Amino acid sequence: MHIVVLVLVEVLIVIGLSRLVGLGFRSIKQPLVIGEIVAGIMLGPSLFGLVAPHLAVTLFPPETFPFLNVLSQVGLIFFMFLIGLELNPKYLGGQLEVAVLTSHVSILMPFSLGTLLAVVLYPLVSNASVSFTAFALFLGAAMSITAFPVLARIITENNLQGTRLGTLALTCAAVDDVTAWCLLAVAIAVARTGDFAGAIPTIIASIVYIGLILTVGRWFLQRLAKHYLRAGRLSQLLLAGIYMGVVASALITELIGIHLIFGAFLLGAAMPKNEDLVRELAVKTEDFVLIFLLPIFFAYSGLKTQIGLLNRPELWLLCALVLGVAIAGKYIGTYVAARVSGINKREASALGWLMNTRGLTELIVLNIGLELGVISPLIFTMLVIMALVTTFMTSPLLEWTYPKKLIRLDLVEPESEAETARSASDADTYIRPYRILVPVANPSTQKGLVQLAVSIALSSRYPAVVNPLSLIEFEEDYAFESTPVEADRLIAQRRQQLEELINTLEPLETRSHVHPIVRISSNVARETAQIAALEQVDLILLGWHRPAFSSNRLGGRVGQLLSTAPVDVAVFVDRGSDRLESLLVPYSANIHDDLALILALRLLINHETCTLQILHVLPDNRLKDELNYELDIIIEQLPSSVRDRIEIKIVQAPEAIQTVVEASKNVDLTIAGTSRTWGIERQTLGRYTDQLAIQCCSSLLITRRYSQVTAHLASMLPDISSQEPTLKN
15 MHIVVLVLVE VLIVIGLSRL VGLGFRSIKQ PLVIGEIVAG IMLGPSLFGL VAPHLAVTLF
75 PPETFPFLNV LSQVGLIFFM FLIGLELNPK YLGGQLEVAV LTSHVSILMP FSLGTLLAVV
135 LYPLVSNASV SFTAFALFLG AAMSITAFPV LARIITENNL QGTRLGTLAL TCAAVDDVTA
195 WCLLAVAIAV ARTGDFAGAI PTIIASIVYI GLILTVGRWF LQRLAKHYLR AGRLSQLLLA
255 GIYMGVVASA LITELIGIHL IFGAFLLGAA MPKNEDLVRE LAVKTEDFVL IFLLPIFFAY
315 SGLKTQIGLL NRPELWLLCA LVLGVAIAGK YIGTYVAARV SGINKREASA LGWLMNTRGL
375 TELIVLNIGL ELGVISPLIF TMLVIMALVT TFMTSPLLEW TYPKKLIRLD LVEPESEAET
435 ARSASDADTY IRPYRILVPV ANPSTQKGLV QLAVSIALSS RYPAVVNPLS LIEFEEDYAF
495 ESTPVEADRL IAQRRQQLEE LINTLEPLET RSHVHPIVRI SSNVARETAQ IAALEQVDLI
555 LLGWHRPAFS SNRLGGRVGQ LLSTAPVDVA VFVDRGSDRL ESLLVPYSAN IHDDLALILA
615 LRLLINHETC TLQILHVLPD NRLKDELNYE LDIIIEQLPS SVRDRIEIKI VQAPEAIQTV
675 VEASKNVDLT IAGTSRTWGI ERQTLGRYTD QLAIQCCSSL LITRRYSQVT AHLASMLPDI
735 SSQEPTLKN
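Per the numbering used here, the very first residue in the sequence shown carries number 15; after that it's consecutive.
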C-alpha cells in the first residue's frame, strides 16, 4: 500500500507541475507540450535530483518506476491511437506529388546525415552489445522524424491551414509520419534480432498484419461506424469494443516484434473517418490521456534524462553536433526538394522550419531506443535536448520567415474591401474606408455591439467597413478541436453564426459593409491587437467583460487591449437600450474626451434624428474655461442641420461624477473618455471613469485614444480634420 500511495503522490505532483509549466510556455507562444516535457525533466536528476537529492529519492524512489512505466505505456498506446485517428485522408489531398518528393527527401537527407553521424558517435557513446546497424538506424530515424500532431497545431494556431504553405506542410507531414513510423518499425526489428537478415521475418509479419488491418479490420470497423450512425451516439459498449481493439492491436504488434505503439497507431489510422464518430471518440478519449497519462510519460522520460552526464566540453560539442545535423538535415532536405518542385524561397524556408518540429513524437522514439538498449542514457539526453530545441525554435523562426502580414495576403478572405469602398464613393479615386474592428465573443448576445459599430462607421456618402472579429481560442495543444480539419469546421460554424447576426442589422443596406473575420488564436488579446495593426483599423470597439476573479477594471482581455492595442479603443457597456436618439459627452478637454466627442459627432452626422449634449462640469471656484471657444471652432464647421442638434451645457459642481450620472438618466448613450491617469491608479480606468462604468444609468461607451493625430472625422468632414488637433490635451 505504501508504494501505491507514493505513486499517487507522484502523479499528483506530475500533473500539477506539468500544467503549471505548460501554461508558462504557452504564455511565450510555445506549444504546451514543450512545457510538459520540461516539467518532466525538472522532476528528474537534471534539476530536482541536483537541488534536493534526498527529497528526490524519497518522492521518486526507483521501486515506483515500474508503476510509472506501465501508466506511461498505456498513455502512449492511446495517444498513438489518437494520432492515427486524426490522420485524415484530407491531408493527402493537396499538392500530393510535391509533398511526396519533399517529405521523402526531408527524411532521406537527415537519415543519411544521421547514419554518417553514427560513425562518429558509435565508438564514443555506445558499446559492443549494440550492433552498429541498429544504432545507425535508430539515430537516423531520430533525425528524420517530424511530429505531425505538434506541426498540425502550429499550423492551426497560425491560421495557415487555408494557405498554400499550410496545406503543403500538412500533406508533407502526413506522408512523413507514415514513412518515418515504417522506418522506425524496421529499426526496432533490427535492434531486437541483431541484424537486418534476422529482422526479415518480423518485417514480413508486420506487412501481413498491416494488410489484414487495412482489409478485414477496416471492413469490421466500417460495420461499427454503421452501428454508430444508426444509434446516433457512441455508447459505452461500442467504446469498450473500440478500446479492446486498440489494446489487442497493440499486443499483436508487440508479439510480432516491433512495438505496442504501432498497433494502436494502425488501428487509429484504419478507423472510418466519419466526422461525428471521430469527434466523439477523440473527445471521450483525449482528456484522460492528455491530462493524466501523458504527463506521467513525460515525468518517466524526465527521470531518465540526465543533463549532468554532459559534464565535459567535448560532450557538449557532440550535443551541438547532433543538434546541428538534425536541424540542417531536415531544413536543407525540405528546402532543396521544395525549391526543385517550384516552391518560392520564402515558403520553402518556412516549410523547412515546420518540418523540423519533433516534439512528443521524437520523445516516443527515444524512449523506445533507450528501452531496447540501442542508445545510452548519454545519447538519450543529447537527443532529448535536440527534440526540445528543434520544437521550441519552430514558432519564432516561422514568424520570422513567414510573418502574419504575408499569411494575410495568402488567405482568401470572403470580403472585398476595395469594391465596398469604391461602390460607396462617388469619387473616381480610391478613398480608404473608415474601419472599425469589433471583437465578438458570442454572436448570439452581442448584436448591440455590432449595431453600434455600424451606427458609428457607416455613412451614406463615405466608405466604411465594419469587421466583426471572432477568435476561436484553443487551450490545449493536442485537443481534437485544434486539428486543422476540425478547426476549419469550427471556423465555418462561427462564420455562419456571424452571418446570421449580420442579417439582423438595420438598416438593410448597411449589411453589405459588414465583413466578418474568423481566426484561430492562442491569445485573443494579442491576436486582436495584431489584426488591428495589420488591417489598419481606425477603432477597436469592445464589449465590456468584467474579470471573473478580480475587482480590477483593467483585468482580462479588455484591459490588455486597452493597454496594448496600437489604435484607438472604445469599450461598450450595454444597458440593453436599442435607441440612439440622445447622446451625452462629459467633456473635460483631454485627448480621450476628444475621441469621445469625435465618435459622438459621427453618430450625430449619420443619424438625422440624433441629438447631442456636451456636458462640462467646472469646480465651484472656477468661473471661466476655454472649452467654449474650442468647441465653437469645431461646431462652426458642421452643417447647420447637425449644429442645431448640439447643446453645450456648463455646470458648476463639487463632484463631476454625480452630475454626469444624473444627466445620463435622460439619454440613450453616454460617451466618456478615460481619465488622464487611466491604468495608473491600481489598474483602473481612472477613479472617475471607474465609477461611471458602475453608476451610469444609460449605455456607456468608454474611449481611449492612442494617437492624437487620428482623424475619425476626416473622411466625412475634410474641413474639420485640420481642426481636430487643436483640441486641448
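Heads up, the beta-carbon is just placed ideally off N, CA and C, and yes, glycines get one too. All figures in this text were calculated on a predicted structure; none of them were measured in a lab.
### Complete beta strand (DSSP E) runs within the region 496-544 (minimum length 3 residues, chain order)
531-535
### Query
Can you tell which of Leu-597, Ala-610 and Tyr-105 has the C-alpha that lies nearest to the C-alpha of Val-585?
On the sequence shown, residue 585 is found 571 positions in, with the first residue counted as 1. Looking at the Cα atoms, Ala-610 is the closest of the given residues.
### Query
Counting along the chain, where does the beta strand (DSSP E) carrying Gln-320 start and finish?
Looking up residue 320 in the sequence shown gives position 306. Segment: none, Gln-320 is in no beta strand (DSSP E) and carries neither H nor E.
#### Entry: Residue(s) in a DSSP beta bridge with Pro-453
As a first step, residue 453 is located in the sequence shown; it is residue number 439 there, counting from the start. Leu-483.
### Message
Which residue marks the beginning of the beta strand (DSSP E) containing Lys-104, and which one marks its end?
### Response
As a position in the sequence shown, residue 104 is number 90, starting the count at 1. First-last for Lys-104: undefined, no H or E at that position.
### Task
Could you please give me the residues that DSSP links to Tyr-448 through a beta bridge?
Along the sequence shown, read from residue 1 onward, the residue named residue 448 stands at position 434. According to DSSP, which records beta bridges pairwise, Tyr-448 is partnered with Ala-478.
### Message
Considering just the uninterrupted stretch of the alpha helix (DSSP H) at Gly-49, what are its terminal residues?
### Response
As a first step, residue 49 must be located in the sequence shown, where it is residue number 35. 46-56 is the span of the alpha helix (DSSP H), which, as asked, contains Gly-49.
### Task
Per DSSP, which residues does Asp-582 bridge with? Please list them.
Residue mapping note: residue 582 aligns to position 568 of the sequence shown, counting from 1. The partner list for Asp-582 (beta bridge, DSSP) reads Leu-553.
#### Entry: Residues that DSSP places opposite Gln-666 in a beta bridge
Position 652 of the sequence shown, counting from 1, holds the residue named residue 666. Looking at the DSSP assignment, Gln-666 forms a beta bridge with Leu-632.
### Start-to-end residues for the beta strand (DSSP E) that takes in Pro-600
Counting from 1 along the sequence shown, the entry for residue 600 is found at position 586. Here the beta strand (DSSP E) through Pro-600 covers 596-600.
### Query
Start and end of the beta strand (DSSP E) containing Leu-715?
Counted from its first residue, the sequence shown places residue 715 at position 701. That run of the beta strand (DSSP E) goes 713-718.
### Task
Give the secondary structure of Val-587 by DSSP, where H, G and I count as helix, E and B as strand, and everything else as coil.
Here residue 587 refers to the residue found at position 573 of the sequence shown. Val-587 falls in the strand class under three-state DSSP.
#### Entry: Between the CA atoms of Val-665 and His-630 - distance to the nearest angstrom
Within the sequence shown, residue 630 is the residue found at index 616, counting from 1. Within the sequence shown, residue 665 is the residue found at index 651, counting from 1. Cα to Cα, His-630 sits roughly 6 Å from Val-665.
### Query
Who does Gly-277 pair with in a DSSP beta bridge?
Against the sequence shown, residue 277 aligns to sequence position 263. Paired residue(s): none; Gly-277 is not in a bridge.
### Query
Whole-angstrom Cβ separation of Thr-116 and Ala-352, contact assumed at under 8 Å?
Position 102 of the sequence shown, counted from the first residue, corresponds to residue 116. Position 338 of the sequence shown, counted from the first residue, corresponds to residue 352. Thr-116 to Ala-352, Cβ: 5 Å. Contact.
### Query
So, using beta-carbon positions, are Pro-580 and Tyr-448 closer together than 8 Å?
The sequence position of residue 580 within the sequence shown is 566, counting from 1. The sequence position of residue 448 within the sequence shown is 434, counting from 1. Contact: no.
#### Entry: Neighbour-count burial assignment, Glu-622, 16 or more Cβ in a 10 Å radius
As a working mapping, residue 622 is identified with position 608 in the sequence shown. Glu-622 comes out exposed.
### Query
Between the C-alpha atoms of Ile-42 and Ser-496, what's the straight-line distance to the nearest angstrom?
Locating residue 42 in the sequence shown gives position 28, counting from the first residue. Locating residue 496 in the sequence shown gives position 482, counting from the first residue. If I take the Cα positions, the gap works out to 19 Å.
### Query
To the nearest whole angstrom, what separates the beta carbons of Gln-751 and Gly-557, a pair I think is in contact under 8 Å?
This structure cannot speak to residue 751, because the chain is shown only from 15 to 743.
### Query
Can you name, in chain order, every residue of its own chain whose Cβ lies under 6 Å from the Cβ of Ile-91, other than the five neighbours on each side?
The residue you call residue 91 lines up with position 77 of the sequence shown. Answer for Ile-91: Ala-264, Leu-274 and Ala-278, listed in chain order.
### Message
So, for Ala-201: in the same chain, excluding its five sequence neighbours on each side, which residues have a beta-carbon less than 6 Å away from its beta-carbon?
### Response
Along the sequence shown, one-based indexing puts residue 201 at 187. Cβ within range, chain order: Leu-151, Phe-152 and Ala-155.
### Query
In chain order, what residues of the same chain have a beta carbon less than 7 Å from the beta carbon of Ser-409, not counting five sequence neighbours either side?
Within the sequence shown, numbered from 1, the residue matching residue 409 stands at position 395. Within the same chain, Ser-409 has close Cβ partners Lys-43, Gln-44 and Ile-168.
### Query
Candidates Glu-595, Val-572, Gly-49 and Leu-197: which alpha carbon is nearest Val-379's?
The residue given as residue 379 occupies position 365 in the sequence shown. Minimum Cα distance to Val-379 is reached at Leu-197.
### Query
Roughly how many angstroms separate the alpha carbons of Gln-574 and Tyr-105, rounded to a whole number?
Position 560 of the sequence shown, counted from the first residue, corresponds to residue 574. Position 91 of the sequence shown, counted from the first residue, corresponds to residue 105. The straight-line gap from Cα to Cα measures roughly 36 Å.
### Query
Which residues does DSSP pair with Gln-627 in a beta bridge?
Within the sequence shown, residue 627 is the residue found at index 613, counting from 1. DSSP lists Leu-598 and Glu-661 as partners of Gln-627.
### Query
If you draw a straight line from the alpha carbon of Val-35 to that of Ala-603, how long is it in whole angstroms?
The count along the sequence shown starts at 1 and reaches residue 35 at position 21. The count along the sequence shown starts at 1 and reaches residue 603 at position 589. One C-alpha to the other measures close to 47 Å.
### Query
From which residue to which residue does the alpha helix (DSSP H) around Leu-153 run?
On the sequence shown, residue 153 is found 139 positions in, with the first residue counted as 1. Unbroken alpha helix (DSSP H) run through Leu-153: 146-158.
### Sequence-distant residues of the same chain with beta carbon closer than 7 Å to Ala-509, five excluded per side
Locating residue 509 in the sequence shown gives position 495, where the first residue counts as 1. It should be pointed out that residue 509 corresponds to Arg in this sequence rather than to Ala. The answer, listed in chain order, is Pro-530 and Val-532.
### Query
Looking at Ala-132 and Val-204, is the spacing between their C-beta atoms short of 8 Å?
Counting from 1 along the sequence shown, the entry for residue 204 is found at position 190. Counting from 1 along the sequence shown, the entry for residue 132 is found at position 118. Going by C-beta atoms, Val-204 is not nearer than 8 Å to Ala-132.
### Query
Excluding sequence positions up to five away, which residues of its chain have a Cβ less than 7 Å from the Cβ of His-16?
On the sequence shown, position 2 is the one that residue 16 refers to. Contacts found: none.
### Message
Which residues does DSSP list as the beta-bridge partners of Cys-684?
### Response
For the purposes of this step, residue 684 is taken as residue 670 along the sequence shown, with counting starting at 1. Looking at the sequence shown, residue 684 is not Cys but Thr. Answer is Leu-598 and Leu-714, bridged to Thr-684.
### Query
Taking buried to mean at least 16 other C-beta atoms within 10 Å of its own C-beta, is Glu-514 buried or exposed?
As a position in the sequence shown, residue 514 is number 500, starting the count at 1. Exposed is the call here.
### Query
By how many angstroms is the C-alpha of Ser-689 removed from the C-alpha of Ala-401?
The count along the sequence shown starts at 1 and reaches residue 401 at position 387. The count along the sequence shown starts at 1 and reaches residue 689 at position 675. Each residue's alpha carbon lies about 50 Å from the other.
### Query
So, are the CB atoms of Val-88 and Ile-393 less than 8 Å apart?
Taking the sequence shown and counting its residues from 1, one reaches residue 88 at position 74. Taking the sequence shown and counting its residues from 1, one reaches residue 393 at position 379. No, the pair does not count as a contact, with Cβ atoms beyond the cut-off.
### Query
Out of Asn-537, Ser-535 and Leu-512, which has the shortest C-alpha to C-alpha gap to Arg-525?
On the sequence shown, residue 525 is found 511 positions in, with the first residue counted as 1. For the residues Asn-537, Ser-535 and Leu-512, the minimum Cα distance to Arg-525 belongs to Leu-512.
### Query
Going by Cα to Cα distance, which pick from Ile-27, Val-28 and Arg-40 is closest to Ser-535?
The count along the sequence shown starts at 1 and reaches residue 535 at position 521. Selected option, being the one with the closest Cα: Arg-40.
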